[in-house]
Amino acid sequence: MRIRLALLTACLTLATAAVPAKAVDAGTHLEGVLPSGAAYLMDVPASWNGTVLLYSHGYTPAGAPNPAQNAPGPAVRDKLLAEGYALIGSSYATNGWAIAEAVPDQLATLDLFTEKFGAAGRTLAWGTSYGGFVTTMLAERHAARFDGSLSMCGLVQGGVANWNSTLDPVFALRALLAPGSGVRLAGFADQAEAVAAAKSLTSKVEAAQQTGEGRARIALAAALHNIPGYNDASQTRPGPTDWAAQQANQYTAVRGLLQLPAFSWRQEAESRAGGNPSWNTGVDYTAMLVRSPLYKEVTELYKQARLSLRADLSVLARAPRVSADPAAVRWMRSTSVLSGRLTDPQLNIHTTGDALIPVQAESAYRRAATAAGTAGTFRQAYVDGPGHCTFTAGETLAALRAVEHRLDTGRWDVSPGALNSRAVAEDPTAEPRYISYRPAAYPRPYDLAHPGDTRR
0 MRIRLALLTA
10 CLTLATAAVP
20 AKAVDAGTHL
30 EGVLPSGAAY
40 LMDVPASWNG
50 TVLLYSHGYT
60 PAGAPNPAQN
70 APGPAVRDKL
80 LAEGYALIGS
90 SYATNGWAIA
100 EAVPDQLATL
110 DLFTEKFGAA
120 GRTLAWGTSY
130 GGFVTTMLAE
140 RHAARFDGSL
150 SMCGLVQGGV
160 ANWNSTLDPV
170 FALRALLAPG
180 SGVRLAGFAD
190 QAEAVAAAKS
200 LTSKVEAAQQ
210 TGEGRARIAL
220 AAALHNIPGY
230 NDASQTRPGP
240 TDWAAQQANQ
250 YTAVRGLLQL
260 PAFSWRQEAE
270 SRAGGNPSWN
280 TGVDYTAMLV
290 RSPLYKEVTE
300 LYKQARLSLR
310 ADLSVLARAP
320 RVSADPAAVR
330 WMRSTSVLSG
340 RLTDPQLNIH
350 TTGDALIPVQ
360 AESAYRRAAT
370 AAGTAGTFRQ
380 AYVDGPGHCT
390 FTAGETLAAL
400 RAVEHRLDTG
410 RWDVSPGALN
420 SRAVAEDPTA
430 EPRYISYRPA
440 AYPRPYDLAH
450 PGDTRR
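Residues 0 to 455, numbered by numbering that gives the first Met the number 0, are exactly what the sequence shown covers, in order.
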């Protein structure tokens, strides 16, 4: 999730090293299993152009099918194969918060590719969602293996920040809608306990949505997670002051947050970390709300409901806080926290209407890269659209071409105009949506340079 400048001469050398060490006589499709148990997938065209793209896929919940993937979608895959790119990727050995397996499995897949087809002239890492996080981890910690990277809709705030930020909205919902309920928010014994807690709090949220007071409080919780008011393509885009429509859209996303990430997925991550890796001791929710881009919506909904926002914020201030397990924080920090230290160019792209990984995650990574002194190697671009990872094939390919352009020329060209022109060239059937945009600050960033408030 971070980028650093490579030497121009090295970039030019890589750009011209397009002949693989071993010729591939015919287009090759390989599937198999790594020693770890992870499945791998490789597609190498007959006229391989010397570039290999290592794709990291998104989060796969425990129990769900987990096939190997080597591209973000069939349209992108087919176009790249037709142009001579080799596409590879693995399933990771386990589902869930699998960063400890994903990184070595992806490197092992690259090793196997080199063994079978020879060294690539250029190696790029790319990935979506949780796979964008894996991609950035590869770029930061194994820079010698890659020439550049592309993180799409990535969880680039890292593990500790993610679980802290996921805790905040459910803490507010419990305090305001289910006080005294005893609903557990972290430290689950097993999946059954997590699922039961999710159902209990969801029922309170569903009931609250039927009243003006409840809708205002749900909007407050959504603001603490920066859930946008337009977050799904099936929704009608609300007007800038259509607070009711914005809240209705947020409510759908809040229910989705409760049903999986905030409880079930948290428990799975806790089982790996050996306890709860997140906390809200010392958090000032009033200050967090004021900084949120959704502050105006919340204040207007509270006015309409004739409800005191100050009183509810006082409730949050007095509510018993959640403490982390220090050993779990250490595990998450060692495996799942980013540094911003990038050796080679990286581009991040994100949709503005992402409810699962809000676009403010990019601000967290920008902060880390700036502190690490590598912001010049790193670029971000934004697509004006709702949903998580809802890029068109043209927008995806435009971003990939931008990384290649940086490697070929030593210069970034990621203005909205340049990216939209590339997107149209790649897919004339879809209107490109790159815009000039700067997301608000991430509510609670945590990276290796800025661990933040570690009181637990």
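Even for Gly, the Cβ is constructed at its ideal location relative to N, Cα and C.
Within the continuous alpha helix (DSSP H) that includes S150, where are the two ends? Per DSSP, S150 belongs to no alpha helix (DSSP H); it is in the beta strand (DSSP E), 147-151.
Using 8 Å as the threshold, is the C-beta distance between L172 and A220 below it? yes
Which of helix, strand or coil DSSP assigns to W278: coil
Cα separation between E269 and A327? 8 Å
Please list, in chain order, all residues of the same chain as G95 whose beta carbon is under 6 Å from its beta carbon, the five residues on each side excluded. A61, E267
Proximal residues to P66 (C-beta, below 7 Å), its chain only, five neighbours per side dropped: A38, S90
Look at the Cβ atom of V159, then the Cβ atom of R332, and state whether they are nearer than 8 Å. yes
Please go through the same chain and pick out, in chain order, the residues whose beta-carbon is closer than 8 Å to the beta-carbon of A417, but skip the five residues on each side of it. A401
Within the region 116-151, ranges of the alpha helix (DSSP H) (whole runs, at least 4 residues): 129-140
Mapping the DSSP letters down to three states, classify P385 as helix, strand or coil. strand
Between the region 77-89 and the region 36-52, do at least 3 Cβ pairs fall closer than 8 Å? yes
T50 versus Y58, I87, G36, residue with shortest Cα-Cα distance: I87
For the 8 Å Cβ check, are there 3 or more pairs between the region 361-368 and the region 220-237? no
With distance defined between alpha-carbon atoms, name the residue in Q208, D283, W264 nearest to N275. W264
Should E394 go down as buried or exposed, given a rule of 16 or more other Cβ atoms within 10 Å for buried? buried
Which of the three DSSP states, helix, strand or coil, is assigned to G273? coil
For P325 and F262, what's the separation of their Cα atoms in angstroms? 20 Å
Does the distance from the C-beta atom of D446 to that of V336 stay below 8 Å? yes
Could you compute how far the alpha carbon of F112 sits from the alpha carbon of E296? 51 Å
Can the beta-carbon of W125 be found closer than 8 Å to that of L399? yes
Going along the chain, which residues of its own chain have a beta-carbon closer than 7 Å to the beta-carbon of A63, five neighbours each way excluded? N94
May I ask you to list the residues that DSSP assigns as paired with F377? Q345
With contact counted as at least three CB pairs below 8 Å, one residue from each stretch, are the region 175-194 and the region 364-380 in contact? no
What span of residues does the beta strand (DSSP E) with E30 cover, start to end? 27-32
Whole-Å CB distance - N161 paired with P385, under 8 Å assumed: Between P385 and N161 the Cβ distance is about 21 Å, and since that is not below 8 Å, they are no contact.
So, under 8 Å CB-CB, Q68 and Y54 are touching, yes? Tell me the CB distance rounded to an integer number of Å. 6 Å
For A206, which three-state DSSP category applies? helix
At a cut-off of 7 Å, would you count A142 as near the ligand MN, judging by its Cβ distance to the nearest heavy atom? The ligand MN is not part of the structure shown, which contains no ligands of any sort.
Express the C-alpha separation of G72 and L109 in angstroms, rounding to a whole number. 20 Å
Can you say whether P34 is buried or exposed, counting buried as having 16 or more other CB atoms within 10 angstroms of its CB? exposed
Own chain partners of A429 with C-beta closer than 6 Å, once the 5 adjacent residues on each side are dropped: T391, G393
Considering only residues of the same chain and omitting the five flanking positions on each side of R216, which have a CB-CB separation below 7 Å? L175, L176, A207, D311
Would you kindly check if the distance between the Cβ of A318 and the Cβ of W278 is under 8 Å? no
Our contact map puts M151 next to I356 with C-beta atoms below 8 Å; I'd like the distance itself, whole angstroms only. Going by Cβ atoms, the distance from M151 to I356 rounds to 11 Å, so no, they are not a contact pair.
Strictly by DSSP, which residues pair up with V43? T27
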